[in-house]
Amino acid sequence: MQNHDMDFTNPQQNINLTSQDFGTDFVFGVSTAAYQIEGAHAIHDKGASIWDYFTSKKGNILNNQHGQIACDFYNKFEEDILLMKSMNIKHFRFSLAWSRIMPNGTGTVSADGIYFYNRVINCCLKCGITPWVTLYHWDLPQALQEKGGWVNRAIMHWFEDYAKVCATHFGDRVKHWMVLNEPMVFTGAGYFLGVHAPGNKGLKNFLPAVHHAVMCQAIGGKVLRALVQNATIGTTFSCSQVTPFRNTPKDVLATKKADALLNRLFLEPSLGLGYPTKYVPVLKRIEAYVKSDDLENAVFDFDFIGVQNYTREVITHSYFVPYLKAKIVKASKRNVKTTLMDWEVYPPSIYNMIHKFNQYKGVKKVIITENGAAFTDELINGEVNDTERLEYIQSCLEQVHKAKSDGLNVEGYFAWTFTDNFEWAEGYHPRFGLVYTNFYTQQRIVKASGKWYKQFLGYNTIV
Ligand code: BGC
13 MQNHDMDFTN PQQNINLTSQ DFGTDFVFGV STAAYQIEGA HAIHDKGASI WDYFTSKKGN
73 ILNNQHGQIA CDFYNKFEED ILLMKSMNIK HFRFSLAWSR IMPNGTGTVS ADGIYFYNRV
133 INCCLKCGIT PWVTLYHWDL PQALQEKGGW VNRAIMHWFE DYAKVCATHF GDRVKHWMVL
193 NEPMVFTGAG YFLGVHAPGN KGLKNFLPAV HHAVMCQAIG GKVLRALVQN ATIGTTFSCS
253 QVTPFRNTPK DVLATKKADA LLNRLFLEPS LGLGYPTKYV PVLKRIEAYV KSDDLENAVF
313 DFDFIGVQNY TREVITHSYF VPYLKAKIVK ASKRNVKTTL MDWEVYPPSI YNMIHKFNQY
373 KGVKKVIITE NGAAFTDELI NGEVNDTERL EYIQSCLEQV HKAKSDGLNV EGYFAWTFTD
433 NFEWAEGYHP RFGLVYTNFY TQQRIVKASG KWYKQFLGYN TIV
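Sequential numbering of the sequence shown, starting at 13, is according to this note's numbering.
In structure tokens:
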């Protein structure tokens with residue numbers, strides 16, 4: 013597998029495409045995640061999640077913010093889904109909060125939790141919006157974290173039971189599923205760097221968490237396949253084009269290491285290719301957690317792979333980075349255009365990731381399940397004229413369209429995200445929404461990017 017590095021100009025002109033140009037099977041939607049929007053963190057019998065717990069500790073989140081209320085989607089979902097409908101959005105990706113459905117992570121199922129998601133699903137269907145459900149978007153029940161969370165092999169059973177509960181209760185109406193959201197981020201940030209919940213660090217946490225997440229990808233897929241008729245099943249990966257900082261053998265090698273970790277680690281075992289240990293020998297230590305049939309059981313025939321892309325990474329050799337000897341050269345040090353997250357604005361990355369995932373024989377279809385950008389939004393006279401986001405999304409859509417025109421298999425695009433929401437360790441500061449959220453009044457204001465998306469999607473419905 014090679015890093016396909018291509019050089020495209022990045023035209024910032026207005027897009028000359030309509031949604032129709034992507035073909036009739038192509039789906040467009042918006043993506044969200046439970047903890048980032050729902051709020052109602054302790055309503056009824058809901059159990060705490062690791063994010064409830066992590067955000068309650070001072071210093072973990074910028075300005076000590078938390079998702080206790082967030083966008084109050086729990087109470088405002090009807091309004092939000094109606095707003096989606098009015099914006100011609102036909103596909104809504106959201107996640108289920110495990111601890112809302114099973115307060116302790118295992119055993120008891122909450123009737124209130126099931127009732128809530130039934131209402132969300134039914135509301136989507138009533139509005140002509142297809143629900144795309146992610147089983148796990150990072151909010152592990154705290155009760156399970158107290159037993160080790162992703163580090164404990166028992167998570168394979170806990171997750172299987174949880175997946176069965178979701179499939180049984182919602183599978184009659186939900187036909188589009190994703191098992192995990194970005195396992196590299198929740199294991200890397202949560203179990204290696206300690207900057208996301210549960211705040212654990214080091215290889216002894218990271219490696220077992222990685223292996224168990226890999227196993228759960230397949231476990232979740234198999235449960236959904238067995239229990240949901242006519243299901244379309246995927247799982248999602250964070251990924252970035254990786255480019256060597258300098259064209260030197262050391263930087264090229266460093267880039268291959270970063271590629272293995274950022275782009276290959278979770279996909280390849282699910283395709284039966286095992287772990288990409290060649291460039292990252294320390295990954296061999298994962299064998300300590302791999303039981304005899306595991307690599308066989310890690311394989312699952314996903315109907316699609318959810319590609320989530322925001323930027324590219326530029327990589328250089330670094331003697332000082334333990335294990336990897338490679339590091340990211342920050343965008344702010346490279347004199348390039350950046351978003352509020354200090355991510356380089358580099359739309360060709362999405363083309364290159366679609367291309368890269370298409371090179372795997374076992375990948376049947378790619379769907380962009382997240383793409384978006386945070387910029388400073390200003391509310392002036394009741395309007396948010398978010399030109400930079402608008403241009404970013406347009407440029408990325410042009411790249412997706414180019415990929416499709418070049419014969420690559422990509423069949424969907426979900427913008428991250430619908431309303432501004434809780435951006436994990438960064439709190440509420442970075443706004444990614446097509447719709448502005450006033451977090452004091454919970455008022456929604458459709459931004460210029462949202463108005464444009466509505467128009468872009470509208471062409472599909474006219475004919
Ligand atoms: C995650 C989202 C997050 C977004 C922007 C993705 O990594 O799935 O939850 O908000 O990127 O950072």
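Virtual Cβ for every residue (Gly too), placed ideally from N, Cα, C.
Because the structure is a prediction, the values reported are computed rather than measured.
Proximity test, F444 beta-carbon vs the ligand BGC heavy atom, cut-off 7 Å: Reading the sequence shown from its first residue, position 432 is the one you call residue 444. Under cutoff, so the answer is yes.
Pairwise C-alpha distance: M190 and R112: As a first step, residue 112 must be located in the sequence shown, where it is residue number 100. As a first step, residue 190 must be located in the sequence shown, where it is residue number 178. Looking at the two C-alpha atoms, the distance is approximately 18 Å.
Inter-residue CB distance, Y291 and E280 (contact presumed, cutoff 8 Å): Against the sequence shown, residue 291 aligns to sequence position 279. Against the sequence shown, residue 280 aligns to sequence position 268. Rounded, the Cβ-Cβ distance is 12 Å, inconsistent with contact.
Per-residue DSSP class, three states only, for T351: The residue given as residue 351 occupies position 339 in the sequence shown. Assigned with DSSP and collapsed to three states, T351 falls in coil, not helix or strand.
heavy atom of the ligand BGC below 7 Å from Q12 C-beta: The structure shown does not extend to residue 12, since the chain is modelled only from 13 through 475, so no value can be given for it.
Identified DSSP bridge partners for L391: Walking along the sequence shown from the start, residue 391 turns up at place 379. Its beta-bridge partners are V396.
For S250: DSSP bridge partner residues: Here residue 250 refers to the residue found at position 238 when the sequence shown is read from its first residue. The partner list for S250 (beta bridge, DSSP) reads Q320.
Y322 beta carbon less than 8 Å from that of N370: As a first step, residue 370 must be located in the sequence shown, where it is residue number 358. As a first step, residue 322 must be located in the sequence shown, where it is residue number 310. Not closer than 8 Å, so no.
Length of the line joining the Cα atoms of I474 and L273: Position 462 of the sequence shown, counting from 1, holds the residue named residue 474. Position 261 of the sequence shown, counting from 1, holds the residue named residue 273. Here I474 scores only 39 on pLDDT, less than 50, and its place in the model is too uncertain to base an answer on.
Length at least 4, wholly inside the region 227-282: the alpha helix (DSSP H) runs in chain order: 261-271 and 279-282
Straight-line Cα distance separating H208 from V197: Position 185 of the sequence shown holds residue 197. Position 196 of the sequence shown holds residue 208. If I take the Cα positions, the gap works out to 9 Å.
Which listed residue (K377, F218, Y448 and K463) has its alpha carbon closest to that of I317: In the sequence shown, counting from the first residue as 1, residue 317 sits at position 305. Here the closest residue by C-alpha is K377.
Three-state secondary structure assigned by DSSP to T473: What you label residue 473 is simply residue 461 of the sequence shown in a count that begins at 1. Confidence at T473 is low in this model, with a pLDDT of 47, below 50, so the placement of that residue is unreliable and no value is reported for it.
Where E158 falls: helix, strand or coil (DSSP): Numbered from its first residue, the sequence shown carries residue 158 at position 146. It is coil, neither helix nor strand.
Candidates L219, Q48, K269 and T255, of which the one nearest Y358 by Cα: Residue numbering aside, residue 358 sits at position 346 when the sequence shown is read from its first letter. Among L219, Q48, K269 and T255, the Cα nearest to that of Y358 belongs to T255.
Residue environment, R401, which counts as buried when at least 16 other CB atoms sit within 10 Å: Start at 1 with the first residue of the sequence shown, and residue 401 comes out as number 389. R401 should be labelled buried.
Beta-carbon proximity list for P195, same chain, < 6 Å, skipping 5 on both sides: In the sequence shown, counting from the first residue as 1, residue 195 sits at position 183. So the list reads A225 and F278, once near-sequence residues are dropped.
Which of helix, strand or coil DSSP assigns to L446: Position 434 of the sequence shown holds residue 446. In this structure, L446 counts as coil in the three-state DSSP scheme.
Alpha carbon of F20 to alpha carbon of T381, nearest angstrom: As a working note, residue 20 is residue 8 in the sequence shown. As a working note, residue 381 is residue 369 in the sequence shown. Because F20 sits at a pLDDT of 35, beneath the cut-off of 50, its placement in the model cannot be relied upon, and the following sentence gives the value as read from the coordinates. Answer to the nearest angstrom: the Cα atoms are 23 Å apart.
Check whether D92 and F430 have beta carbons under 8 Å apart: As a position in the sequence shown, residue 92 is number 80, starting the count at 1. As a position in the sequence shown, residue 430 is number 418, starting the count at 1. Yes; because the gap between Cβ atoms is below 8 Å, this pair is in contact.
Classification of E158 by the beta-carbon crowding that lies within 10 angstroms, buried from 16 upward: Locating residue 158 in the sequence shown gives position 146, where the first residue counts as 1. Per the 10 Å Cβ criterion, exposed.
Limits of the unbroken alpha helix (DSSP H) element including M96: As a working mapping, residue 96 is identified with position 84 in the sequence shown. First-last of the alpha helix (DSSP H) with M96: F85 to S98.
Closer than 8 Å to chain B by CB, P210: Structure shown: chain B not included; a single protein chain is present.
Sub-8 Å separation of V341 and C251 beta-carbons: Translated into the one-based positions of the sequence shown, residue 341 becomes position 329. Translated into the one-based positions of the sequence shown, residue 251 becomes position 239. Result no, Cβ atoms of V341 and C251 do not sit closer than 8 Å.
Beta-carbon proximity list for L295, same chain, < 6 Å, skipping 5 on both sides: Stepping through the sequence shown from its first residue, residue 295 is reached at position 283. Y287 and T289.
Residue closest to A310, alpha-carbon to alpha-carbon, out of H223, C139 and F257: Here residue 310 refers to the residue found at position 298 when the sequence shown is read from its first residue. Of the listed residues, the one whose Cα sits closest to A310 is H223.
Range of the contiguous beta strand (DSSP E) that encloses V39: For the purposes of this step, residue 39 is taken as residue 27 along the sequence shown, with counting starting at 1. First-last of the beta strand (DSSP E) with V39: V39 to S43.
Limits of the beta strand (DSSP E) - the one that E308 falls within: To locate residue 308, count along the sequence shown from 1; it is residue 296. Where E308 is concerned, there is no enclosing beta strand (DSSP E), although the alpha helix (DSSP H) it sits in stretches over D306 to N309.
Within 8 Å, strictly: CB atoms of Q229 and F312: Translated into the one-based positions of the sequence shown, residue 229 becomes position 217. Translated into the one-based positions of the sequence shown, residue 312 becomes position 300. In this structure, F312 lies closer than 8 Å to Q229 by Cβ.
Closest Cα partner of P360 within the set L108, I55, Q406 and I298: As a working mapping, residue 360 is identified with position 348 in the sequence shown. That would be Q406, whose Cα lies nearest to the Cα of P360.
The region 40-54 touching the region 103-123, judged by at least three CB pairs closer than 8 Å: yes
N28, buried or exposed, once every other Cβ within 10 Å from all chains shown has been counted against 16: Counting from one through the sequence shown, the residue named residue 28 turns up at place 16. Per the 10 Å Cβ criterion, exposed.
When G445, R456 and Q455 are compared against Y465, the one with the closest alpha-carbon: Residue numbering aside, residue 465 sits at position 453 when the sequence shown is read from its first letter. It is G445.
Sub-8 Å separation of W144 and H188 beta-carbons: Locating residue 144 in the sequence shown gives position 132, counting from the first residue. Locating residue 188 in the sequence shown gives position 176, counting from the first residue. Result yes, Cβ atoms of W144 and H188 sit closer than 8 Å.
Length of the line joining the Cα atoms of N347 and I327: Position 335 of the sequence shown, counted from the start, is the residue given in the question as residue 347. Position 315 of the sequence shown, counted from the start, is the residue given in the question as residue 327. Going by the C-alpha atoms only, they are around 15 Å apart.
CB-CB length for G41 against F106, believed under 8 Å: Position 29 of the sequence shown holds residue 41. Position 94 of the sequence shown holds residue 106. With 8 Å as the limit, G41 and F106 do not qualify as a contact, their Cβ atoms being about 10 Å apart.
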